[in-house]
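Novice: Residue numbers (my numbering): 2 to 111.
Even for Gly, the Cβ is constructed at its ideal location relative to N, Cα and C.
These numbers come from a predicted model, not from an experiment.
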């Protein structure tokens, strides 16, 4: 059995391969992208903190206003209740005390 012919390298060997990538630089560098991302994050946190402080100040002011408005609102509610209230009939309970008072009044009238 004979072996098939084998390819051999050329005399002196193959030329060296150029394995470096020679691509043009496109876009921003990684350090610049990192710096821009950090700057955007810091700016966003700053704006968020300013908004939070404004919201807390607004809430504190609203609480103060409500605190000082309570007596006025209560007085207005009392005034409306007095002016709009209809006199409710008082129930008369027939108890022993009531009957005894009625009996005493009857005796006094005689």
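Helix, strand or coil for residue 110? Go by DSSP, reduced to three states.
Specialist: Looking at residue 110 - three-state DSSP - the assignment turns out to be helix.
Novice: DSSP on residue 75, reduced to helix/strand/coil?
Specialist: Reduced to three states, the DSSP call for residue 75 is helix.
Novice: Assign residue 29 to one of three DSSP states: helix, strand, or coil.
Specialist: If DSSP states are grouped into helix, strand and coil, residue 29 belongs with coil.
Novice: Would you report the Cα separation of residue 68 and residue 29, rounded to the nearest angstrom?
Specialist: Approximately 56 angstroms between the Cα atoms of the pair.
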